[in-house]
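Chemist: Sending over a structure as structure tokens; questions will come in a sec.
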Amino acid sequence: MTKTIRKAVFPAAGMGTRFLPATKATPKEMLPLVDKPLIQYGVEEAVAAGCTEIIIVTGRGKGTMEDHFDRAPELEASLEKRGKHALLDIALSTTKLAKITYVRQPEALGLGHAVLMAKELVGDEPFAVLLPDDIVDAQTPCMKQMVEAFAKTGSSILGSEVVEGDAIQNYGCLACAPDASDSRLLKVSDMVEKPKPSEAPSQNAIIGRYILTPRIFEMLETITPGAGGELQLTDGIKALLQYESVYGFTYEGKRHDAGDKLGFLKATVEFALQRPDLGPKFREWLKNFPL
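Encoded structure:
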């Protein structure tokens, strides 16, 4: 099996109910973090990791995502005519990131089901999965770090971070031990979805970054639907443990949960402050803002 990760899957068919009413007509993945939609951050991360094919699993009402990564002839012609070449370059940049393919998830039947929708497009090779809600700010892109780890192990890799206190009940949790060759690699023995804090096997939570071997599709086709009739990706990976090694990976960087309103606001402030064109004036405004 090749150790090159060429394809990245983006599950993006959810209804985004936590951001209503904004997401009634606008996909959550298209909400802007400063001036780029959430999903673009993930696509750029995947491309930086070496992925050349992006597979976006969409659903009803998600057409603006396709428009975003497509050409916009009227806009381009207008910017060209007005001599707005810098803005034209920005508009064109989203069309040149990678080959992007779309597949529809007809029903919201869980993250595992969304990944399964990409089976025919992925084929028989390992692939990345990135959840657009999780924005990881890192000097070396998170997925690039994981691709390098996969090159060492040849096994499925799950992005992981330590979550303090009772917050572990909001995540998939790893029963794991550090690998002798690399302490950032965590050899997984079991996984528990959203455990009670007193029953969590560790504080190592799974975040929205995965590299999976193609055998995961076989597992997702055979597992039993869980709560709400949904196929859970965690259950599929647990089944995979019977046949293959799976590793957690402690990445370097800061994750923002942009699927949560407070997390989205925090990410917006931090990303704005990092911008050379916005940061200085924004920081000065914040200093003088009455709190």
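Position 291, counted from 1, in the sequence shown is what the working numbering calls 312; the numbers after and before it change by one each time, with no gaps. Quick reminder that beta carbons are idealized off the backbone N, C-alpha and C, glycines included. Since this is a predicted model, take the numbers as computed values, not measurements.
On the DSSP bridge assignment, give the partners of C194 in chain order.
Modeler: V213 and A226, per the DSSP bridge assignment.
Chemist: Looking only at its chain, what residues have a beta carbon closer than 8 Å to the beta carbon of T85, apart from the 5 residues adjacent to it on each side?
Modeler: If we look at T85 and ignore the five residues flanking it on each side, its Cβ neighbours are T47, P48 and M51.
Chemist: Within a Cβ cutoff of 6 Å, which residues of the same chain sit near A119, ignoring the five residues on either side of it in sequence?
Modeler: The residues are V68, T73 and I75.
Chemist: Do P218 and D187 have their C-beta atoms within less than 8 Å of each other?
Modeler: Cβ distance < 8 Å, so P218 and D187 count as in contact.
Chemist: Let me make sure I understand the geometry here. Which of F90, E291, G180 and A107 has the alpha-carbon closest to that of F61?
Modeler: One point to set straight first is that residue 61 is Gln, not Phe, in the sequence displayed. When each option's Cα is compared against that of Q61, the closest is F90.
Chemist: Label N225 either buried or exposed according to how many other C-beta atoms from any shown protein chain fall within 10 Å of its C-beta, with 16 as the threshold for buried.
Modeler: Buried, since its Cβ has 16 or more Cβ neighbours within 10 Å.
Chemist: Assuming A288 is part of the alpha helix (DSSP H), what are its boundary residues?
Modeler: Counting along the chain, the alpha helix (DSSP H) containing A288 begins and ends at K282 to Q295.
Chemist: Should V183 be labelled buried (16 or more other beta-carbon atoms within 10 Å of its own) or exposed?
Modeler: Exposed.
Chemist: Tell me the DSSP secondary structure of G71 in three-state form.
Modeler: Note: G71 maps to coil in three-state DSSP.
Chemist: Within the continuous alpha helix (DSSP H) that includes G257, where are the two ends?
Modeler: Per DSSP, G257 belongs to the alpha helix (DSSP H) from L254 to L261.
Chemist: Under the three-state reduction of DSSP, which class applies to E265: helix, strand or coil?
Modeler: Coil.
Chemist: What does a CB cutoff of less than 6 Å around D211 pick up in its chain, not counting 5 residues either side in sequence?
Modeler: These residues qualify, in order along the chain: A196.
Chemist: Once DSSP output is grouped into helix, strand and coil, what is the label at Y272?
Modeler: Note: Y272 maps to coil in three-state DSSP.
Chemist: When the Cα atoms are used, what is the spatial distance from G284 to F40?
Modeler: Straight-line Cα distance between these residues: approximately 12 Å.
Chemist: What is the DSSP secondary structure of D337, reduced to helix, strand or coil?
Modeler: There is no way to answer for residue 337, as the model of the chain reaches only from 22 to 312.
Chemist: For a test of the three-state rule: what should DSSP assign to T122, helix, strand or coil?
Modeler: DSSP places T122 in strand when its eight states are reduced to three.
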